[in-house]
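Peer 1: Below you'll find the structure I mean.
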Amino acid sequence: MTAAARFRPDRRLTFRIGETWLLLLVVTAGYGALIGLVLQWLVGLPWWIGLVLPMLATVLFYAQHDGGVLPRTLRTTDADPAREPRLYAVLERLCALADVPPPRVKVIDAEWTNALAVQLPGRRPVIAVSRGLLDTADDDRLESVLAHELAHVIHRDATVMTFAANTSTAVLTLPAHLVDVFYAADRALCWLARRCGFGWQPIDHDADDERLPARNVAAGLRTLLGCTAMPVIGLIRALLVLSVFPFGIVTLPAILVLSIPAVLVLTRLSRYREFAADRTAAMLTGRPTVLAATLTSLDEDSRRIPNKDLRELRAASSMAIVPLPVKHEQKKGQPRVSALERAVASHPPIGQRVKRLDELSRGLAQ
1 MTAAARFRPD RRLTFRIGET WLLLLVVTAG YGALIGLVLQ WLVGLPWWIG
51 LVLPMLATVL FYAQHDGGVL PRTLRTTDAD PAREPRLYAV LERLCALADV
101 PPPRVKVIDA EWTNALAVQL PGRRPVIAVS RGLLDTADDD RLESVLAHEL
151 AHVIHRDATV MTFAANTSTA VLTLPAHLVD VFYAADRALC WLARRCGFGW
201 QPIDHDADDE RLPARNVAAG LRTLLGCTAM PVIGLIRALL VLSVFPFGIV
251 TLPAILVLSI PAVLVLTRLS RYREFAADRT AAMLTGRPTV LAATLTSLDE
301 DSRRIPNKDL RELRAASSMA IVPLPVKHEQ KKGQPRVSAL ERAVASHPPI
351 GQRVKRLDEL SRGLAQ
């Protein structure tokens with residue numbers, strides 16, 4: 001069977017990819033216009049300056065990455081064919097069947113089991129596989145995972161999802177960047193206090209770590225600084241801490257509202273593309289039941305991921321073969337999923353994916 005016969009064009013997926021690019025353009029322009037209006041109100045700049053900023057950010061982002069735009073929270077290395085012969089053998093066989101050039105391969109230094117594909121326009125795609133998956137999956141299951149990720153490359157949806165995921169992540173992680181600024185200012189004030197001989201510790205300093213030492217200062221000078229410099233430093237720090245709470249109360253709801261358009265654009269494509277990738281992977285390997293079993297196993301594994309590892313994977317959840325688990329209350333042995341969670345879910349339920357693969361398996365057997 002030729003590659004063309006094996007992979008029928010999915011016109012619905014093609015339409016959704018084009019629709020997503022258009023919606024991304026509209027949403028990004030909307031964010032830019034909003035930034036421009038804020039700048040106009042604050043400093044009197046022309047509002048259209050805001051439209052230039054997203055374009056400039058995109059150019060800088062594109063220039064700084066070689067195509068492997070994996071979240072910074074993930075520790076990755078380029079896979080070495082000499083050290084990962086099984087990984088390269090399986091992937092090269094799949095690429096030959098699909099008649100596509102092999103992508104770059106990275107290994108995520110993590111014990112959890114997952115994989116994802118990313119790509120920038122005009123750049124070589126990247127498939128990243130976790131160390132935990134490589135160590136625990138047999139050849140059949142590794143093949144099904146790689147076939148699924150390769151399907152995203154074949155469908156050309158990895159490119160638009162990479163941009164959509166980074167757009168939504170940029171909005172959602174803005175509070176984290178603001179908190180980083182607060183911590184940096186607090187660390188600077190505490191450093192000044194320690195230079196004055198007072199052992200102030202930053203708010204983000206881990207209690208289990210060794211305390212940061214204060215400078216040895218003569219008693220007289222320490223008293224003088226305690227009466228002059230320290231009240232000023234203390235007042236600035238108090239105002240900094242007090243300003244965080246009203247700022248957060250106003251900013252966090254606004255950011256959540258602003259993130260809704262980007263998240264909706266992301267989820268509209270991401271759910272359908274998973275079904276399409278499952279089908280193509282099953283056709284590529286000829287074993288839908290193996291992929292179904294693999295998805296079920298990966299979903300079960302994801303529910304045992306420690307919270308500290310969940311933070312690493314969170315930024316890549318929408319791109320992964322199975323998403324991050326959500327802790328739910330149990331009702332009659334089944335997790336309770338709210339309507340909001342269903343609306344913004346980046347992946348269809350594993351049960352639906354397995355059901356479609358079972359139907360495909362029966363169809364292939366006839």
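Residue numbers (UniProt numbering): 1 to 366.
Note that beta-carbon positions come from the ideal geometry of N, C-alpha and C, so glycine has one too.
Excluding the five sequence neighbours on either side, which residues of its own chain have a C-beta within less than 6 Å of the C-beta of H347, listed in chain order?
Peer 2: E274, P323.
Peer 1: Among residues of its own chain, excluding the 5 on either side of H152, which ones have a beta-carbon nearer than 6 Å to its beta-carbon?
Peer 2: Closer than 6 Å at Cβ, skipping near neighbours: A117, A158, A277.
Peer 1: For K355, count neighbouring C-beta atoms within 10 Å of its own C-beta (all shown protein chains included) and say buried if the count is 16 or more, exposed if not.
Peer 2: That one is exposed.
Peer 1: Straight-line CA distance for H328 to R303?
Peer 2: Confidence is the limiting factor: at H328 the pLDDT is only 43, short of 50, which leaves the residue's position unreliable and the question unanswerable from this model.
Peer 1: Which residue from V100, G220, L142 puts its Cα closest to that of C196?
Peer 2: Measuring from the Cα of C196, the nearest candidate turns out to be G220.
Peer 1: In angstroms with no decimal places, state the Cα-to-Cα distance between T280 and L87.
Peer 2: One C-alpha to the other measures close to 20 Å.
Peer 1: How many Å lie between residue 367 and V107 at the Cα?
Peer 2: The displayed coordinates of the chain run from 1 to 366. Any statement about residue 367 would go beyond what the structure contains.
Peer 1: If you measure between the beta carbons of I321 and V145, is that distance less than 8 Å?
Peer 2: For I321 and V145, yes; Cβs fall inside 8 Å.
Peer 1: Just verifying my parser: in three-state terms, what is the DSSP assignment at V129?
Peer 2: Strand, per DSSP.
Peer 1: Following the continuous alpha helix (DSSP H) through D209, name the residue where it begins and the one where it ends.
Peer 2: Where D209 is concerned, there is no enclosing alpha helix (DSSP H), given that its DSSP letter is neither H nor E.
Peer 1: Can at least three beta-carbon pairs, one atom from the region 180-191 and one from the region 127-143, be found at a separation below 8 Å?
Peer 2: Too few Cβ pairs lie closer than 8 Å, so no.
Peer 1: Kindly give me the distance between the Cβ atoms of G30 and L39, rounded to whole angstroms, as I take these residues to be in contact under 8 Å.
Peer 2: At roughly 15 Å, the Cβ-Cβ gap does not stay under 8 Å, so G30 and L39 are not in contact.
Peer 1: Counting only runs of 4+ residues fully inside the UniProt domain "Peptidase M48" (81-173), write out the alpha helix (DSSP H) ranges in chain order.
Peer 2: Qualifying alpha helix (DSSP H) stretches, in chain order: 85-98, 131-136, 139-155, 157-172.
Peer 1: Just checking my contact of R287 with A345 at CB under 8 Å: how many whole Å lie between their CB atoms?
Peer 2: Not really, about 27 Å apart at Cβ, beyond 8 Å.
Peer 1: Just to confirm the assignment, what range does the beta strand (DSSP E) spanning T296 have?
Peer 2: Unbroken run through T296 is the alpha helix (DSSP H), 288-302; no beta strand (DSSP E).
Peer 1: Do F182 and L240 count as a contact pair if the criterion is CB distance below 8 Å?
Peer 2: Yes, the Cβ-Cβ distance between L240 and F182 is below 8 Å.
Peer 1: Residues in the same chain with beta-carbon distance under 7 Å from G32, minus the five sequence neighbours each way, listed in chain order, please.
Peer 2: The answer, listed in chain order, is G50, L51, L53, P54.
Peer 1: Note down the Cα distance separating L242 from H205, rounded to an integer number of angstroms.
Peer 2: Taking the straight line joining both Cα atoms gives about 19 Å.
Peer 1: Please report how far the alpha carbon of M230 lies from the alpha carbon of A185, in whole angstroms.
Peer 2: Cα to Cα, the separation comes out at about 16 Å.
Peer 1: What number of angstroms, rounded off, separates the C-alpha of P306 from the C-alpha of P253?
Peer 2: Spanning the two alpha carbons is a distance of roughly 28 Å.
Peer 1: Assign L34 to one of two classes, buried (16 or more other C-beta atoms within 10 Å of its C-beta) or exposed (fewer than that).
Peer 2: It is exposed - the Cβ of L34 has fewer than 16 other Cβ atoms within 10 Å.
Peer 1: Determine the direct distance from the alpha carbon of V257 to that of L235, and round the result to whole angstroms.
Peer 2: In a straight line, the C-alpha of L235 is about 34 Å away from that of V257.
Peer 1: With 16 as the cutoff for other CB atoms within 10 Å, does D109 come out buried or exposed?
Peer 2: The residue is exposed, with fewer than 16 neighbouring Cβ atoms inside 10 Å.
Peer 1: With distances taken Cα to Cα, identify the nearest neighbour of T162 among P46, R124, A96, D301.
Peer 2: Residue R124 is the option with its Cα nearest to T162.
Peer 1: Going by C-alpha distance, which of M319, A165, D301 is nearest E111?
Peer 2: If we check each option's Cα against that of E111, D301 comes out closest.
Peer 1: If you reduce the DSSP assignment to three classes, tell me which class A57 lands in.
Peer 2: In the structure shown, A57 sits in a helix (DSSP, three-state: H, G or I).
Peer 1: Judging by CA-CA distance, which residue of A164, T294, T289 is the nearest neighbour of W21?
Peer 2: Here the closest residue by C-alpha is A164.
Peer 1: Sort V179, L225, R222 by Cα distance to F245 and report the nearest one.
Peer 2: Here the closest residue by C-alpha is V179.
Peer 1: Would you call the CB atoms of V90 and E143 closer than 8 Å?
Peer 2: Closer than 8 Å, so yes.
Peer 1: Beta carbon of L266, beta carbon of R353: below 8 Å?
Peer 2: No.
Peer 1: I'd like to know whether the C-beta atoms of I17 and R156 end up nearer to each other than 8 Å.
Peer 2: Yes; because the gap between Cβ atoms is below 8 Å, this pair is in contact.
Peer 1: Which residue's Cα is closest to the Cα of V27: A316, M319, P261?
Peer 2: The shortest C-alpha separation from V27 is found at P261.
Peer 1: Can you grab the Cα-Cα spacing for the pair C95 / S317, in whole Å?
Peer 2: Looking at the two C-alpha atoms, the distance is approximately 25 Å.
Peer 1: Please report the straight-line C-alpha distance between residue 372 and L56, rounded to a whole angstrom.
Peer 2: Nothing about residue 372 can be reported from this structure: the residues present for the chain run from 1 to 366 only.
Peer 1: Which residues bound the beta strand (DSSP E) around T76?
Peer 2: Its beta strand (DSSP E) spans residues 76-78.
Peer 1: Return yes when the Cβ of A115 is within less than 8 Å of the Cβ of E149, no when it is not.
Peer 2: Yes, the Cβ-Cβ distance between E149 and A115 is below 8 Å.
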